[in-house]
Amino acid sequence: MTLGEHLIELRKRLMIAALALVVGMVVAFFVTDPIIHLITEPIRTIAERDGDAAKVELMFSTVSSAFDLRLRMSFAIGLMFSAPIWMWQIWAFVMPGLTKKEVRYTWGFIAAAVPLFFAGCYVGLVIMPHIVELMASFVPDGGASFYDASYYYDFVFKLLIVVGIAFVLPVFLVALNLAGVMSGLAILKGWRVAILISVIFSALATPAADVASMLLLAGIMTVLYFAAAALSLLFDRRRRKRDAALLDGTP
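One point on numbering: in our numbering, the residue at position 231 of the sequence shown is 245, and numbering is uninterrupted.
This is how it looks when you write it as structure tokens:
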């Protein structure tokens, strides 16, 4: 294909991806209520614990803030709903230029990264209520907790994304191993640094006083790191056997 034909193909696939995103946003707009109800469960828990719902509320500070919040949520949820379509459009555009080996590795990367990302988001959703409730415990007697809706959503959304990405990082280590950039032994030797980084990241992602959530997140990340190291060692072993077979002249 010529450069012009590639550009036409890219425009076509981008239009399909954009249309899928718009449709996903429209569908997502009508399911924002249960999502809002889910992420605001900690606020209701705090209100029940304190026995005064008037002092613990989700606050919309402007006339359009409620609509803006739903629009932002619709974009994030619609992006997830339409992911199979826009990801396929990207893949269909790039795939003709890849070798069979690269295609196989890419499929393996996606098959591992996507479930790990959503698993990380789920863990973030599990620890999120504990973080909110723990922070609310520092409100002094006589004080009130009014949570700005936009800020509260940003906090929850960023927490889920950060934890989700943290869960995918071991997949990148395996990808580096497959690319020959880093050996499995080198990955394993860095376990002390990996544990330190996991603990620091977990401490930053969770409140300092919530030790249980910090240890849970750090423990899961550490297990994933060692799993990536073990898988890389296995790939290295297979690579050595293949190289030895080639040197011996055996098929």
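Positions of the beta carbon are idealized from the N, C-alpha and C atoms, including for glycine.
- The segment 135 to 153 and the segment 50 to 63 touch, with no fewer than 3 CB-CB distances between them shorter than 8 Å.
- Just measuring C-alpha positions, the residue of M196, P184, P129, I99 sitting nearest A208 is P184.
- Comparing C-alpha distances from F215 to each of I234, I30, Y161, D82 shows the shortest one belongs to I234.
- By the CB criterion at 9 Å, I49 and I104 fall outside the cutoff.
- For V36, the enclosing alpha helix (DSSP H) starts and ends at 17 to 43.
- When the Cα atoms are used, K172 and M39 turn out to be separated by approximately 19 Å.
- The C-alpha of T46 lies about 12 Å from the C-alpha of T54.
- When C-beta atoms of the segment 113 to 127 are compared with those of the segment 150 to 163, fewer than three pairs fall below 8 Å, so the two segments do not count as touching.
- In the DSSP assignment, no residue is bridged to M235.
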